[in-house]
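Colleague: The following block contains the structure, expressed as structure tokens.
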Amino acid sequence: MATMTVKMSREEPAVSYASRYSLPAEPKENDTKSNLCSGPVILLSHGDPTGFKPFWRSVGDKCKVTIDSCDFMSYLTDTGTVCWFLEKELEEAIRQLHRTVGNAVTDDRHILVGTGSTQLYHAALYALTSPGGPEPVNVVSAVPYYSSYPEETNFLCSALYKWAGDAYTFDKEGPYIELVTMPNNPDGQVRGPTVNRNDGKLIHDLAYYWPQYTPITAQADYDIMLFTFSKSMGHAGSRIGWAVVKDKDVAIKMTKYIELNSIGVSRESQHRAAKILGAVSDSSQCIGANFFEYGKSLMAERWTKIREVISRSRLFSLPKYMEEYCQFSGEDTEPHPAFAWLKCNNDIEDLEIFLRRYKIMGRGGSLFGSDPKHVRVSMLGDEETFNLFLERLSSIQDTITNSNGNGIKFDELERKQIR
Ligand SMILES: Cc1ncc(COP(=O)(O)O)c(C=O)c1O
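When the letters of the sequence shown are read in order and numbered with my numbering, they come out as residues 1 to 419.
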């Protein structure tokens, strides 16, 4: 299996337009000098869901799609629904999947498709605001929030809306939009809205409300719910997301945004997504329950392994989660989030920088509005990378714990450049 380790060769400019999805810069001379570990760079800063690949490989031909050169030539589909570019087969597969899993109400709701749920997020911001207001509407989310929200919200310096940070400390008057990510990226907690005022509008980002990550405790039924093919099935490359929307006018405005932004959504991608979602819902195809079982056991195994490594020292800690009854599996289940929200417990001030020295690339707490003692590491990558990460984490712990046994603190360790 191909490993997700990378050879680094680029320096980031002072003002960086580097993509979040491009390779990280080579650690600077000072960084590499103090490495306790040699070996490849371990990239865990993105939630690239390649860990599910062995399952899809095992499915073989069952989800194969064939597209002829004359297929999908028109911009138009003929659904007759609000979202004029949504393929009928995808709409049916989405509704059926939610009925099978029991994670969201879709009856009498509008289904919209987007190029990833990222595009639908922008569409929702557009739909929930109107031109001519005295100032842009504030957009908030409770810390720690998904790190892309601030950048995505402010990217075009919109006059309609602007990022206003942490929902816990938000005290400005006037209309606002609150993003509720449930379960949360980065820390996997299940939370409701925080501000709770009458002049607020909510967007529920349910990217991870699937049985492999969290117990399904109820059918979600919110005004705007965003889902993604990336995290539900692991097919991030198809760039398919969908929204379940209660209000027709909001659905029309969101559709208008996508019409102006990209004149619809790839019909080939929709066709493939429909095939895969349909197969997962269809018990006669024998892959449905299996996919979520596979995903859940993969995530559970990884969480057991990482907790075991962390428990060997007091250097790092992880959030604890409560078991709850999962209506989909019919058993009490512990959450196994897509990310580990790792915290360091000693005098290391910036855990992202610290781990970088050992060529472990996570995403630092500050990007999530939280403190730099936290780092988010992906639990979704391929097996080889994940195991390499655990090995390296374990040797960092051993080295630091042994040195601390001699009464040496982390900054002294750095000065002594212990290898
Ligand atoms: C909470 C959350 N929302 C949305 C997205 C974006 O999903 P998509 O790949 O469908 O654009 C992600 C991706 O990591 C996410 O973590």
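We put the beta carbon where it would ideally sit given N, CA and C, even for glycine.
(1) May I have a chain-ordered list of the beta strand (DSSP E) segments no shorter than 3 residues that lie completely inside the segment 313-367?
(2) Does the segment 267-274 come close enough to the segment 82-98 that 3 or more CB-CB pairs lie under 8 Å?
(3) Heavy atom of ligand 1 less than 8 Å from the Cβ of residue 205, yes or no?
(4) Taking just the CA atoms, how far does residue 158 sit from residue 351?
(5) Quick check on the DSSP output: the alpha helix (DSSP H) that includes residue 152 runs from which residue to which?
(6) Check this for me: beta carbons of residue 210 and residue 103, under 9 Å apart or not?
(7) Are the CB atoms of residue 52 and residue 380 nearer to each other than 9 Å?
(8) Classify residue 100 as helix, strand or coil using the three-state DSSP reduction.
(9) According to DSSP, is residue 115 part of a helix, a strand, or is it coil?
(10) Would you check whether ligand 1 has a heavy atom nearer than 8 Å to the C-beta of residue 119?
(11) Is any beta-carbon of chain C found at less than 9 Å from that of residue 305?
(12) Taking 7 Å as the limit between beta carbons, can you name the residues of its chain near residue 219, skipping five residues before and five after?
(13) Would you check if the segment 227-247 and the segment 257-264 touch, i.e. whether three or more CB-CB distances between them fall below 8 Å?
(14) Please classify residue 292: does DSSP put it in a helix, a strand, or coil?
(15) Would you mind listing the alpha helix (DSSP H) stretches within the segment 228-256 that are 4+ residues and don't spill past its ends, in chain order?
(16) Measure the beta-carbon distance from residue 153 to residue 161 and round it to whole angstroms, keeping in mind my assumption that it falls under 8 Å.
(17) In whole angstroms, give me the CA-to-CA distance for residue 215 and residue 335.
(18) Tell me the rounded alpha-carbon separation between residue 73 and residue 246.
(19) So, are the CB atoms of residue 165 and residue 143 less than 9 Å apart?
(20) Got a sec: does ligand 1 put a non-hydrogen atom nearer than 8 Å to the Cβ of residue 262?
(21) Evaluate residue 155 with the Cβ neighbour count: other Cβ atoms within 10 Å of its Cβ, from every protein chain shown; 16 or more gives buried, anything less gives exposed.
(22) Please identify the residue among 49, 75, 122 whose C-alpha is closest to the C-alpha of residue 270.
(23) Checking the sheet assignment: what are the DSSP bridge partners for residue 205?
(24) Taking 6 Å as the limit between beta carbons, can you name the residues of its chain near residue 316, skipping five residues before and five after?
(25) Quick check: the Cα distance between residue 134 and residue 183, rounded to an integer number of angstroms?
Modeller: The answer reads as follows:
(1) Runs of the beta strand (DSSP E) inside the segment 313-367: 324-326, 331-333, 339-344.
(2) The segment 82-98 and the segment 267-274 touch, with no fewer than 3 CB-CB distances between them shorter than 8 Å.
(3) For the purposes of this step, residue 205 is taken as the residue at position 205 of the sequence shown. Yes; taking the cut-off as 8 Å, the Cβ of residue 205 has a heavy atom of ligand 1 nearer than that.
(4) Here residue 351 refers to the residue found at position 351 when the sequence shown is read from its first residue. Here residue 158 refers to the residue found at position 158 when the sequence shown is read from its first residue. Taking the CA atoms as reference points, residue 351 sits about 33 Å from residue 158.
(5) Taking the first residue of the sequence shown as position 1, residue 152 is located at position 152. For residue 152, the enclosing alpha helix (DSSP H) has its first and last residue at 148-154.
(6) Locating residue 210 in the sequence shown gives position 210, counting from the first residue. Locating residue 103 in the sequence shown gives position 103, counting from the first residue. Annotated as proximal: residue 210 and residue 103, with beta-carbon spacing under 9 Å.
(7) Translated into the one-based positions of the sequence shown, residue 52 becomes position 52. Translated into the one-based positions of the sequence shown, residue 380 becomes position 380. Less than 9 Å separates the beta-carbon of residue 52 from that of residue 380.
(8) Walking along the sequence shown from the start, residue 100 turns up at place 100. Residue 100: helix per DSSP, three-state reduction.
(9) Locating residue 115 in the sequence shown gives position 115, where the first residue counts as 1. Three-state DSSP puts residue 115 in a strand.
(10) Counting from one through the sequence shown, the residue named residue 119 turns up at place 119. Residue side-chain check: residue 119 places its Cβ nearer than 8 Å to a non-hydrogen atom of ligand 1.
(11) No chain C appears in the structure shown, which is made up of a single protein chain.
(12) If you number the sequence shown from 1, residue 219 lands on position 219. The beta carbon of residue 219 is closer than 7 Å to those of 102, 103, 104, 105 in its chain, skipping five residues each way along the sequence.
(13) The segment 257-264 vs the segment 227-247: no contact.
(14) Taking the sequence shown and counting its residues from 1, one reaches residue 292 at position 292. If DSSP states are grouped into helix, strand and coil, residue 292 belongs with the helices.
(15) Complete alpha helix (DSSP H) runs here, min 4: 229-232.
(16) In the sequence shown, counting from the first residue as 1, residue 153 sits at position 153. In the sequence shown, counting from the first residue as 1, residue 161 sits at position 161. Residue 153 to residue 161, Cβ: 7 Å. Contact.
(17) Looking up residue 215 in the sequence shown gives position 215. Looking up residue 335 in the sequence shown gives position 335. Here the alpha carbon of residue 215 sits roughly 6 Å from the alpha carbon of residue 335.
(18) The residue labelled residue 73 in the question sits at position 73 within the sequence shown. The residue labelled residue 246 in the question sits at position 246 within the sequence shown. Between residue 73 and residue 246, the C-alpha separation is close to 31 Å.
(19) Along the sequence shown, read from residue 1 onward, the residue named residue 165 stands at position 165. Along the sequence shown, read from residue 1 onward, the residue named residue 143 stands at position 143. Between residue 165 and residue 143, the C-beta gap is smaller than 9 Å, which places the two residues in contact.
(20) Taking the sequence shown and counting its residues from 1, the one referred to as residue 262 is at position 262. At a cut-off of 8 Å, the beta-carbon of residue 262 does not count as near ligand 1: no heavy atom of the ligand is closer than that.
(21) As a working note, residue 155 is residue 155 in the sequence shown. It counts as exposed.
(22) Within the sequence shown, numbered from 1, the residue matching residue 270 stands at position 270. Measuring from the Cα of residue 270, the nearest candidate turns out to be 75.
(23) As a first step, residue 205 is located in the sequence shown; it is residue number 205 there, counting from the start. For residue 205, which the question treats as bridged, DSSP gives the partners 181, 226.
(24) Here residue 316 refers to the residue found at position 316 when the sequence shown is read from its first residue. Around residue 316: 310, 342, 344.
(25) The residue labelled residue 134 in the question sits at position 134 within the sequence shown. The residue labelled residue 183 in the question sits at position 183 within the sequence shown. Going from the Cα of residue 134 to the Cα of residue 183 covers about 34 Å.
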